[in-house]
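Data first, discussion second: the structure below is written as structure tokens.
Printed below as a string of structure tokens:
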């Protein structure tokens, strides 16, 4: 026993002495040679270091300068590596710090750490001035902190603690991001993102959420001071977003965009502020298909489709297949518009439509209408209010200008059956004045209502320079035959309106008084032809006709209703003082009173020209 005790004591003394010698040597210039002699042969692969730093005051800390490691085609280089060993566990490091490491991932080979023991664990891994190069991206000046890392079975190890990244600059898919910060914690199914932030185009981005394979779920996304300054930047952004993994869905509980400005070929925005909730972007699905959405926005202006919308303000929602506009207002075309309602593919329910002080035309509205989806089957407007508007149609064939348009509608219901039909509601419309294909009108007025498809025209007034036309009537579109009735009464009405407005072949000028009642069916052209009934009395004043001078008046009038066209024409006095017309089930008969009266017989259901004798 004494011999064993002496041998053990001798071993301890020799071990302590050897350890002290090694410690002493580590403090000398021979430390690096000692490391290469004792440690390098024990490491799989080829490891070299330029210098070893060690101090007895920190006996568990070791520093390697310019370490270089190669194995299995992998090459690792760093400026320095510092490690602190554990005092009670040989396979555990308190911490490790790596400075100046460069990772090259461009060859698509996933780096691994299989050379490390599976039992190795590190309390905290620190990276500083790390550079990472990928096939389409590069990150420089990277700092990171990984808590509770262990090698385990994973090729690159696993982290069970907090992860923090700080990246000064990232070039990713053509975009240059800067000041990227990431604070995350692992979860059983993915990662908890406590905070992500970065800058791009002078804009600041920040987010929180979770990630797991197939889903990135953000609870908050904030974008501030974003500027898309050109079409080139816009296309670069679209190209980058198009590379979003087609297996990953992005959801955002709340997104806030503050002070966004953009200037592209098709869209310009200045100082847009947007808040949105319940956003969802799924692969192979258009971005506007949002199952549940609530968003509000405002901006200084939006320029789109060659139109400028100033001070737009909106509050919208999406529920299933229905868009809900709680509020949408804007200054536009030197006026103001406001809209609210619910919109689906088959039904538009407009609660309020207001437009004041607008100057509109077909070229202005056409691009906007083309961007709308298909018209619905049903359209309802609870409150329609149009005040002091103007309509321009500067066409050489049919110019129209209507000024001071006021329209008031209540509980309007329209259905689309080959064409739009008003089934319910009350509508009143008026204007200060109008010019319709060179016919001047003063204060035109319209008032009608509809009840279950029964339309009643209470009053239509058209004020001409020297006279006025009044009309009223009924039309029941709720029955298959669609019966209708019309009453007209007018004084000093220009005869030229028939050719100017309806393109009827009546080359007449002058004036006429009119009084009549008509009724019939409007289901189709045939029912109209066989169902027309009524009578009309017309008195002519200063009537002139542009006719062929070589024909008598019977031939002249017959030509008006035929496909024939006479050659030479000249202005002549129309030698008739009045016209009486009656219709009985589509047979129109009449008499022109004058020096030489003429009788008219016209069975319109036969689709022939009238007979004049």
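Numbering (our numbering), first residue to last: -9 to 603. For each residue, glycine too, the CB sits at the ideal point set by N, CA and C.
- Between residue 388 and residue 427, the beta carbon gap of about 5 angstroms places them in contact (Cβ cut-off 8 angstroms).
- Taken atom to atom, the span from the alpha-carbon of residue 537 to that of residue 432 is near 31 angstroms.
- When Cβ pairs closer than 8 angstroms are counted between the two stretches, the segment 237 to 251 is seen to touch the segment 262 to 269, the count reaching three or more.
- The count of Cβ pairs closer than 8 angstroms, one atom from the segment 359 to 366 and one from the segment 377 to 392, stays below three, leaving the stretches out of contact.
- Looking at the DSSP output, residue 530 bridges to 502.
- Under the DSSP definition of a beta bridge, residue 323 lacks any partner.
- Shown here, residue 359 sits in a helix according to DSSP, grouped into three states.
- Contact check for residue 215 and residue 193: beta-carbon distance about 5 angstroms, within the 8 angstroms limit, so the pair qualifies.
- For residue 490, the enclosing alpha helix (DSSP H) covers residues 487 to 492.
- Taking C-alpha positions only, residue 518 is separated from residue 417 by approximately 26 angstroms.
- Selection 539, 524 and 501 evaluated against residue 533 yields 501 as nearest (Cα-Cα).
- Residue ranges of uninterrupted beta strand (DSSP E) with 3 or more members, entirely inside the segment 283 to 338 and ordered along the chain, are 291 to 294, 297 to 309, 312 to 322 and 325 to 333.
- For residue 146, there is no enclosing beta strand (DSSP E), since its DSSP letter is neither H nor E.
- With distances taken between CA atoms, residue 596 lies nearest to 577 out of 63, 603 and 577.
- Residue state for residue 39 is assigned as coil, using DSSP reduced to three classes.
- Here residue 388 carries a coil assignment [DSSP, helix/strand/coil].
- Classified as buried, residue 323 has 16 or more neighbouring CB atoms from the shown chains inside 10 Å of its CB.
- The segment 166 to 241 contains, as complete alpha helix (DSSP H) runs of 4+ residues, the segments 221 to 231 (chain order).
- Beta bridge pairing from DSSP links residue 84 with no other residue.
- In this structure, DSSP gives residue 150 a state outside helix and strand, which the three-state scheme calls coil.
- Check the Cα spacing between residue 412 and each of 367, 452 and 390: the tightest is with 367.
- The Cβ atoms of residue 503 and residue 481 sit closer than 8 angstroms to each other.
- For a cut-off of 8 angstroms, the C-beta gap from residue 149 to residue 138 is around 6 angstroms, short enough to register as a contact.
- For residue 546, the number of other beta carbons within 10 angstroms of its own is at least 16, and it is reported as buried.
- Residue 523 and residue 436 have their alpha carbons spaced roughly 25 angstroms apart.
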